[in-house]
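Sequence order for the protein chains is A and B. Numbered by the working numbering, the letters in the first sequence go through residues 1 to 206 in order. Numbered by the working numbering, the letters in the second sequence go through residues 207 to 402 in order. Worksheet for the structure shown next.
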Amino acid sequence: MPSIVKVIDNPDAIRVAIEPTRRRILFLLNSQDMSASQIADILKKDVSTIYRHLHKLEEAGLIEPCRERVTRSIEEKVYRRTSAHFLFSSEAMQCMDEGAFTEYIASASNLILPLLEEMGYEIERDEECYQSFQRMILRWNEISAKGMDKIMDKERKISLPLYLFLMLTTSLIRFETDHELKRSCEVFLSKIKDGKRQGSPRVHSP
Amino acid sequence: MKPVVKIIDDPAVIKIAVEETRRQILTMLNEQEMTLSEIARKIKKDISTVYRHIHQLQRAGLVEVVGEKRVHHIPEKVYGRTAKLFLYSPEAAEQFGRDLQAAHIIPSVHMLIDLLQEMGYDVENSEEFRDNLGKILIRFNVLTAQALERLSPDREMEISISIYILLMLITGLINLDLDQDLSERVKRFRAGVREK
Chain A
1 MPSIVKVIDN PDAIRVAIEP TRRRILFLLN SQDMSASQIA DILKKDVSTI
51 YRHLHKLEEA GLIEPCRERV TRSIEEKVYR RTSAHFLFSS EAMQCMDEGA
101 FTEYIASASN LILPLLEEMG YEIERDEECY QSFQRMILRW NEISAKGMDK
151 IMDKERKISL PLYLFLMLTT SLIRFETDHE LKRSCEVFLS KIKDGKRQGS
201 PRVHSP
Chain B
207 MKPVVKIIDD PAVIKIAVEE TRRQILTMLN EQEMTLSEIA RKIKKDISTV
257 YRHIHQLQRA GLVEVVGEKR VHHIPEKVYG RTAKLFLYSP EAAEQFGRDL
307 QAAHIIPSVH MLIDLLQEMG YDVENSEEFR DNLGKILIRF NVLTAQALER
357 LSPDREMEIS ISIYILLMLI TGLINLDLDQ DLSERVKRFR AGVREK
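Right, here's the structure in full:
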């Protein structure tokens, strides 16, 4: 049975997880269990390529086959994530080269910043903005796993909404107590110039 | 392809989702996709009862058939949620108000404090502290829902669980500067927690 969160403490498994195509696959499996051909269809790649990635993900303990699927009388393995959310242990991250995360962090900012803009926030996208965002994300990744091991080794079920609240509260505490996180977050938030328009967000046209 | 987060703005759908047994089924389907008989076995209810609930959830657009599975050569439908996370729109949730809070937030606050303590935090466990924390959680939920409602469907598809957590945090933190009440509450929360 998959757990709600899993802390990855093996640098090799982290490298497997952050590769772009495999990240896409993990993202797809976030909302639904899928077979190789379903994934291949969505990502518009060869099934053989997808199998190679699935194999690596399975070896790294990030996904597992969970059932068979019958499509036009052909049986296929359906894969699921071993956990809804993967966190990286700070020990594992520290023994990795920071460069290993460059693409991963850049793609996070390519995702998050446009989302915030579409939500109606105006972001001053200068060098300082990117740098503070990247430092914030990297640091947040690095310390999010702290303490999680203490609640994961039990037979207890933590529902997704409860887990989200847990991540929210621990982050609220750490954004105050962790100097680096606090500092980078303050700089980043200062770049969100028109957050003041909270009451009257820009509404996108349908 | 399915979204990870789906906003529910129809009060009738919320009503279907919050009913005890159906909530239990939805929670189970978050861990894994299941057939009717698997669900029935797990929650110790008749297949016909489970079928009725699944049918309602399906009609409300919360659950769908995701595949077929052969059990002793007999094909059975496999059901899954239409999204990992259902977020109630603030307007719709308001119609339920206290009911919804009683069903979701209050038990969550108790469990959340237990979890924080097990993770090694010293947490003040007074009624006032719990009440304050509950209000923070509700406020963050509302802020996140409001922010997500402004996204186009294409963008919504880009949100994974980790992106969702980040957005919830960032939109919340942006609003700390603007929302005096929330900012006071977060200060009080932080004052009641100590990392051991």
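Virtual Cβ for every residue (Gly too), placed ideally from N, Cα, C. It should be emphasised that the depicted structure is a prediction, and the values quoted were computed from it without experimental measurement.
Query, Result
"Assign P209(B) to buried or exposed, taking buried as 16 or more other Cβ atoms, counted over all protein chains shown, within 10 Å of its Cβ.", "buried"
"Taking C-alpha atoms, which residue in F302(B), Y370(B), E270(B), F395(B) lies nearest to V315(B)?", "F395(B)"
"Using the Cα positions of V334(B) and N381(B), report the straight-line distance between them to the nearest angstrom.", "Correcting the residue type first, residue 334(B) is Glu in the shown sequence and not Val. The alpha-carbon atoms of E334(B) and N381(B) are separated by roughly 23 Å."
"Roughly how many angstroms lie between the CA atoms of F188(A) and A108(A), to the nearest whole one?", "14 Å"
"Rounded to the nearest angstrom, how far is the Cβ of M207(B) from that of I42(A), given a contact under 8 Å?", "6 Å"
"Is DSSP giving L172(A) helix, strand or coil here?", "helix"
"Terminal residues of the continuous alpha helix (DSSP H) containing Y370(B)?", "367-382"
"In this structure, does DSSP put R202(A) in helix, strand or coil?", "Caution is warranted here: a pLDDT of 40 is assigned to R202(A), below 50, making its placement in the model unreliable, and no coordinate value can be reported."
"Interface residues of chain B around H85(A) at Cβ under 7 Å?", "I367, S368"
"Drop a sphere of 10 angstroms on the beta-carbon of G303(B), count the other beta-carbons inside from all chains shown, and report buried for 16 or more, exposed for fewer.", "exposed"
"Less than 7 Å between CB atoms is the rule here; does F133(A) satisfy it with respect to chain B?", "no"
"Starting from D157(B), follow the beta strand (DSSP E) in both directions and report where the run begins and ends.", "This structure does not reach residue 157(B), given that chain B is present from 207 up to 402, and the question cannot be answered."
"Does the separation of the CB atoms of S3(A) and S90(A) fall below 7 Å?", "no"
"Excluding the 5 residues flanking I344(B) on each side, which residues of the same chain have their C-beta closer than 7 Å to its C-beta?", "Q307, I311"
"For E19(A), tell me which candidate among K193(A), E180(A), R52(A), L162(A) has the shortest Cα-Cα distance.", "R52(A)"
"Within 7 Å of any Cβ in chain B, is that where the Cβ of E91(A) sits?", "no"
"Restricting to Cα atoms, I'd like to know which of I222(B), E300(B), K341(B) is closest to R258(B).", "I222(B)"
"Would you identify the three-state DSSP class for E333(B), choosing helix, strand or coil?", "helix"
"Rounded to whole angstroms, what is the Cα-Cα separation between S132(A) and R276(B)?", "52 Å"
"For S389(B), which residues from the same chain have a beta carbon less than 6 Å from its beta carbon, with the 5 sequence-adjacent residues on both sides left out?", "L382"
"Is the number of C-beta pairs between the region 342-360 of chain B and the region 133-150 of chain A that are closer than 8 Å three or more?", "no"
"Tell me the DSSP bridge mates of K212(B)?", "F292(B)"
"Taking F346(B) as the query, report the chain A residues whose CB atoms sit under 7 Å from its CB, ordered along the chain.", "L168"
"Starting from the beta carbon of A308(B), find every residue of chain A whose beta carbon is closer than 7 Å, and list them in chain order.", "Under the 7 Å cutoff, chain A gives no residues; its nearest Cβ is about 15 Å from A308(B)."
"Are V272(B) and V256(B) touching if we call contact CB-CB under 7 Å?", "no"
"List the whole-angstrom C-beta distance separating H242(B) from I253(B), where the pair is believed to meet the contact cut-off of C-beta under 8 Å.", "Here residue 242(B) is Leu; the residue named in the question, His, does not match the sequence. At roughly 6 Å, the Cβ-Cβ gap stays under 8 Å, so L242(B) and I253(B) are in contact."
"So for C66(A), helix, strand or coil by DSSP?", "strand"
"Report the rounded CA-to-CA distance for D320(B) versus I74(A), giving the unit in angstroms.", "47 Å"
"Decide if P206(A) is buried, meaning its Cβ has at least 16 other Cβ atoms within 10 Å, or exposed.", "Any reading at P206(A) must be qualified, since the residue scores a pLDDT of 38, below 50, and its modelled position is unreliable; the value itself is stated next. By the neighbour-count rule (16 or more Cβ atoms within 10 Å), P206(A) is not buried but exposed."
"Let me know if K239(B) comes out buried or exposed under the rule of 16 or more other beta-carbons within 10 Å of its beta-carbon.", "It is worth fixing the name first, because residue 239(B) is Glu in this sequence and not Lys. By the neighbour-count rule (16 or more Cβ atoms within 10 Å), E239(B) is buried."
"Please tell me whether V211(B) and I365(B) are closer than 7 Å, where the distance is taken between their beta carbons.", "yes"
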